[in-house]
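The structure appears below as structure tokens.
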Amino acid sequence: MTDATDGVLHTLFRSEQGGHEQVVLCQDRASGLKAVIAIHSTALGPALGGTRFYPYATEEEAVADALNLARGMSYKNAMAGLDHGGGKAVIIGDPETLKSEELLLAYGRFVNSLGGRYVTACDVGTYVADMDVVARETRWATGRSPENGGAGDSSVLTAFGVFQGMRASAQHLWGDPTLRGRKVGIAGVGKVGHHLVEHLLSDGAEVVITDVREESVRRITDRHPNVTVVADTEALIRVEGLDIYAPCALGGALNDESVPVLTAKVVCGAANNQLAHPGVEKDLADRGILYAPDYVVNAGGVIQVADELRGFDFDRCKVQAAKIFDTTLAIFARAKTDGIPPAAAADRIAEQRMAEARRS
Ligand SMILES: NC(=O)c1ccc[n+]([C@@H]2O[C@H](COP(=O)([O-])OP(=O)(O)OC[C@H]3O[C@@H](n4cnc5c(N)ncnc54)[C@H](O)[C@@H]3O)[C@@H](O)[C@H]2O)c1
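The working numbering puts the last residue of the sequence shown at 1107; the count rises by one with no breaks.
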């Protein structure tokens, strides 16, 4: 056994980050499919989480990522109030060159072989059209197109949920949920970020944006010339008088370089895995910056794909995504009572819900 393999097995069987119920290695040589399906927990119901299609440097790295992402989904689903456990799948390879109908169908058969213990959806490298193909082999695929009985793009509800997280942060910090007159900086105005701009402007906030893609910026400024644009994230996090910083691009936005210079009093955004490493949540708290945990406020998307299993109803989903407001407030309250950062409080509440489900 290599050190790397041993590392993965150590995580799975012996570490705090492990304890997964099931890990399935899948192979279909004809299509080139190599995939890992990790089911962390089914305590609350069938494991739900997307499929990442990514050119991992090694197979061990892919397994480690699947384990980590699946565990994250258990917490996310628990905090979203869903009757779903956590799972995630990764397909190893470059989606640009490896993805084919044959491969996606083979993958769908593996998902199906789990009999509904794992429900899949889109993630980095997989799209609505791919889930339509996977769904030809299994009923346990969500995130499909409306033409195929799916809910389509999840960014609308994700942005709505993040907005609820911001309103809760404002309520907690300033005693009023309105964002009127608040200055909000958004890094990344793609699918989620551009919807978020609309919510904020409708509520009367002042919006500052940045994006590496000029067309993403132009899409906003053409409609809203009053939105301020800054050169990059480095500039955004230093904007004077910024009330809220919303990372809506990539993970790792909160790190040893960015946290010390943040001017915002609140961080609340859509990006996954915003905390670059354990301990950053404490650095934020030490600086008096309120952090609305990413996996709590960006749960609108998973609420949507879960709903798809029942036959998608946008209004029903919106009601559930609106609860992100109360959930975020409950996390801040628990953080205060327990004297811990909000990220740790969210983990505690999620763990409690899973433990209660296991007992019953
Ligand atoms: N789409 C969803 O429903 C959903 C759900 C949960 C979480 N998320 C997370 O939210 C984030 C945004 O998702 P999305 O669907 O809007 O993706 P997207 O790709 O549509 O948008 C991301 C935007 O960020 C920009 N960007 C990339 N690097 C940047 C940088 N260094 N500085 C500034 N801008 C940069 C891109 O140009 C793009 O416009 C991702 O981290 C995603 O994982 C999305």
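The beta-carbon is built from N, C-alpha and C at its ideal position, and this holds for glycine as well.
query	result
Meets three-Cβ-pair contact criterion under 8 Å: the region 963-983 and the region 926-945	yes
For Val939 and Arg929, the rounded distance between their alpha carbons	20 Å
Ala1018: CB within 7 Å of a non-hydrogen atom of ligand 1	yes
Ligand 1 heavy atom lying under 7 Å from the CB of Leu772	no
Coil, strand or helix - His942 by DSSP	helix
Beta bridge counterpart(s) of Gly833 as assigned by DSSP	Ser788, Leu795
Local Cβ density within 10 Å of Pro1088, reported as buried at 16 or more and exposed below that	buried
Under the three-state DSSP convention, the category Val1006 falls into	helix
Residues near Leu1022 in its chain [Cβ-Cβ closer than 6 Å; skip 5 each side]	Leu1001, Glu1028
Span of the alpha helix (DSSP H), counted from its first residue to its last, around Asp877	875-881
Coarse secondary structure for Glu953, derived from DSSP in three states	strand
Heavy atom of ligand 1 within 7 Å of Lys1065 beta-carbon	no
As assigned by DSSP and simplified to three states, the class of Leu780	strand
Three-state secondary structure (DSSP) of Ile1071	helix
Where the alpha helix (DSSP H) through Gly819 begins and ends	806-826
Bridge partner(s) assigned by DSSP for Glu800	Rather than Glu, the amino acid found at residue 800 in this sequence is Phe. DSSP, once it has assigned bridges, lists Ile838 as partnering Phe800.
Backbone CA spacing between Ala978 and Ala917 [nearest angstrom]	27 Å
Pick from Gly935, Leu926, Gln769, Asp1030 that is closest to Gly912, judged by C-alpha positions	Leu926
Exposure label - Asp841; buried when at least 16 CB within 10 Å	exposed
Whole-angstrom C-beta distance between Ile991 and Val931, which should lie under 8 Å	4 Å
Rounded straight-line distance, which links the Cα of Arg799 to that of Lys873	The sequence shown places Thr at residue 873, not Lys. In a straight line, the C-alpha of Thr873 is about 6 Å away from that of Arg799.
Check: Asn1045 C-beta below 7 Å from any heavy atom of ligand 1	yes
Cβ-heavy atom distance, Leu997 to ligand 1, below 7 Å	yes
Own chain partners of Cys1015 with C-beta closer than 7 Å, once the 5 adjacent residues on each side are dropped	Val909, Gly912, Met913, Ser916, Ile991, Ala993, Ala1039, Val1044
Exposure label - Gln1067; buried when at least 16 CB within 10 Å	buried
CB-CB length for Asp877 against Leu851, believed under 8 Å	6 Å
Whole-angstrom C-beta distance between Ile1036 and Leu1076, which should lie under 8 Å	Going by Cβ atoms, the distance from Leu1076 to Ile1036 rounds to 17 Å, so no, they are not a contact pair.
Whole runs of the alpha helix (DSSP H) within the region 841-875, excluding any shorter than 4 residues	842-845, 848-860
Nearest neighbour of Tyr865, chosen from Asn895, Leu845, Arg886 [CA to CA]	Arg886
Distance, Ser902 Cα to Phe868 Cα	The residue asked about is misnamed: residue 868 is Ala in this sequence, not Phe. Using only the alpha carbons, I get a separation of about 14 Å.
Beta-ladder partner(s) of Asp775, from DSSP	Leu780
Local conformation of Ile1036 per DSSP, three classes	coil
Through-space distance from Val783 to Leu795, alpha-carbon basis	14 Å
Beta-ladder partner(s) of Ala888, from DSSP	Thr867
Beta bridge counterpart(s) of Tyr992 as assigned by DSSP	Gly932, Val1014
Contact set for Asp958: own chain, Cβ-Cβ below 8 Å, skip 5 residues either direction	Ala934, Gly935, Val936, Gly937, Gly940, Val964, Ala996
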